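One structure is given below, encoded as structure tokens.
Number of protein chains: 2
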Amino acid sequence: MDYQFLSRTALFRGIQPEEIKTMLSCLTAERKSYEKGEMIYRAGDAAASLGVVLDGKVLIEHDDLWGNTTVLDSVLPGQIFAETYACTAGEPLMVNVEAAERSQILFLNVSRVLRSCTHACAFHGKLIRNLLALSAQKNLNLSRKIFYTASKSIRGRLTAYLSDQAVRSGSSSFTIPFNRQQLADYLNVDRSSLSAEIGKMQREGLLRVKKNLFEIMR
Amino acid sequence: MDYQFLSRTALFRGIQPEEIKTMLSCLTAERKSYEKGEMIYRAGDAAASLGVVLDGKVLIEHDDLWGNTTVLDSVLPGQIFAETYACTAGEPLMVNVEAAERSQILFLNVSRVLRSCTHACAFHGKLIRNLLALSAQKNLNLSRKIFYTASKSIRGRLTAYLSDQAVRSGSSSFTIPFNRQQLADYLNVDRSSLSAEIGKMQREGLLRVKKNLFEIMR
DNA sequence: TCCTTTTTGTTGTTTTGACAACAGATTTGT
DNA sequence: ACAAATCTGTTGTCAAAACAACAAAAAGGA
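Spelled out as structure tokens, the structure:
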């Protein structure tokens, strides 16, 4: 097990590799391998353990009532998944978790993580605080998405998103981490309609766009 | 200060009133009063403290670019607010927090809550775990809303919402905690269009509705 | 009870955006 | 550099939903 690697993840940040080694046995962590396409969790499952991706890639997906699959998120090495479900005992997953390629996953039983540790584990508390920080961060990301999609018009969603990006970047010009299709998915609108709206706003002089570089005119 | 009351809140659950008293001084908690309409936090503020509503009522609001105010949530006695921001240092609030009536708020500085406590506070860890549970719970609520509004059609949103309610209630008939306007706001659609769609689905024999009681036909 | 207020359903009109199809641009691989 | 694949912008059509206005129903108060 690569404890050096783990100590650089958000979950184990601030905990020494030596200490992680001790903790993992204390927490009876399990490591498992998955082949490409294999299901790690299924919607409806009760996930008692959170997963840390050690290697490979994991997709969080949703199948709607008509069988269409949407990728909601991808989880890369060092990142975690299912922690929300693991932290709210009994809640069934709303999503499928699938290995996008051959992957190594470390599972941590959250009830053990949360159980206060009477003996050694001095860094146990640090782990929980890291988990809280991750949870709060995810919370903000979800809230943001809800904010951006609160408007019913494409323009409204786009301006909500773009003006927030401008504020966060501290400049009226900034690059976004999405291509058009991804931005359309994120804002929950049709790609071609989004492109059309961007074009219209440029013609109205509200925006200058070159690829992923946006500039808001005032 | 009513420590009995606090020990029944989700944040202090499992901590004895006596212990809470000790903790609050250790955490240098502050109590403040707000008049109706007074702003507790403003969008853009960096909230270092989470708020516990002791008495009164607090509204979480959003003002969009055109000045329209939307109420996102209301926080009642025993519940908390701004914890997400307090847990992610430096993130400015996306919302306004306003006293809906004369209110008493207890502020807890989260950096103190998170700082591991070398001395007395045996229940300090419990407080953090409660906070994590609250955060995970809020996370699920946000995720659910995103799920329900993932479809672009009113019918898609409504069926996503209703079928999940049916699953959670463990029955094909159940009551929902919203009136029509609130449900429309939650699903981010127009109320009258929602009513029309519900009517249509009833005529198609997919649904039976009486007030807030829904029955899904199969 | 009667009156008022709020909630809900209905309908017609108008706007918006999804969708489809395609062409030009850009990127990637060889 | 060339071909193939991917991404982006444009346009027209059409269905869906927003919006507005109103009537019916339900809830609440005096």
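If you're matching them up, the sequences are chains R and H in order. Be aware that the first sequence starts at 1, since it is given in our numbering, and climbs by one per residue. Be aware that the second sequence starts at 219, since it is given in our numbering, and climbs by one per residue. Backbone N, C-alpha and C fix where the C-beta goes; we use that ideal spot for every residue, glycine too. Source: prediction; values computed, not measured.
Here H:Leu283 is exposed. Its C-beta has fewer than 16 other C-beta atoms within 10 Å.
Out of R:Gly56, R:Gln137 and R:Gly156, the CA that lies nearest to the CA of H:Thr306 is found in R:Gln137. For R:Leu140, the C-beta contacts it makes with chain H under 7 Å involve Thr302, Thr306 and Glu309, in order along the chain. Under the three-state reduction of DSSP output, R:Asp185 falls in the helix class. For R:Gln165, the uninterrupted alpha helix (DSSP H) segment begins and ends at Ile154 to Ser169.
Residue environment analysis places H:Val328 among the buried positions, since at least 16 neighbouring C-beta atoms fall within 10 angstroms of its C-beta. Within the same chain, Val331 and Leu332 come within 8 Å of H:Ile346 by CB-CB distance, once the 5 residues on both sides are set aside. Between the segment 375–382 of chain H and the segment 258–269 of chain H there are fewer than three C-beta pairs closer than 8 Å, too few to call the two in contact. Under the Cβ distance rule, H:Leu401 does not count among the residues neighbouring chain R, no pair being separated by less than 9 Å. Annotation: the continuous beta strand (DSSP E) that includes R:Phe107 extends over Ser103 to Asn109. Of the candidates R:Tyr34, R:Ala46, R:Asn68 and R:Thr69, the residue whose Cα lies closest to the Cα of R:Val52 is R:Tyr34.
The residue from H:Asp281, H:Ala304, H:Val276 and H:Tyr303 with its alpha-carbon nearest to that of H:Asp291 is H:Val276.
In summary, the residues of the segment 152–163 of chain R whose CB is separated from some CB of chain H by less than 9 Å are Lys152, Gly156, Thr159, Ala160 and Ser163, in the order they occur in the chain. The CB of R:Asn188 comes closer than 8 Å to the CB of Thr367, Ala368 and Lys370 in chain H, given here in chain order. Every beta strand (DSSP E) of 3 residues or more that sits fully in the segment 254–298 of chain H is shown, in chain order, as 257–259, 267–273, 276–281 and 287–293. Taking 9 Å as the threshold, the shortest C-beta distance from H:Ala265 to chain R does not fall below it.
The beta carbon of R:Ser163 sits closer than 8 Å to the beta carbons of Ile216 from its chain, once the five residues preceding and following it are set aside; these are given in chain order.
A residue is called buried when at least 16 other Cβ atoms come within 10 angstroms of its Cβ; R:Val167 does not meet this threshold and is exposed.
Contact annotation: the segment 292–304 of chain H touches the segment 135–151 of chain R, with at least three C-beta pairs closer than 8 Å.
Residue environment analysis places H:Ala351 among the buried positions, since at least 16 neighbouring C-beta atoms fall within 10 angstroms of its C-beta. Check the Cα spacing between H:Thr240 and each of H:Lys363, H:Tyr404 and H:Ala340: the tightest is with H:Ala340. For H:Ala228, the nearest beta carbon of chain R is not closer than 9 Å to its own beta carbon. Burial check for R:Val71: the Cβ neighbour count within 10 Å stays below 16, so the residue is exposed. Per DSSP, H:Arg362 is one residue of the alpha helix (DSSP H) stretching across His342 to Tyr366. In the structure shown, the three-state DSSP call for H:Ile233 is coil. Contact check for R:Ile146 and H:Lys363: beta-carbon distance about 6 Å, within the 8 Å limit, so the pair qualifies. Classified as exposed, H:Asn286 has fewer than 16 neighbouring CB atoms from the shown chains inside 10 Å of its CB.
H:Gln355 reaches chain R at Thr88, counting residues in chain order whose Cβ is nearer than 7 Å. For H:Thr288, the nearest CB of chain R lies under 9 Å from its own CB, placing it at the interface with that chain.
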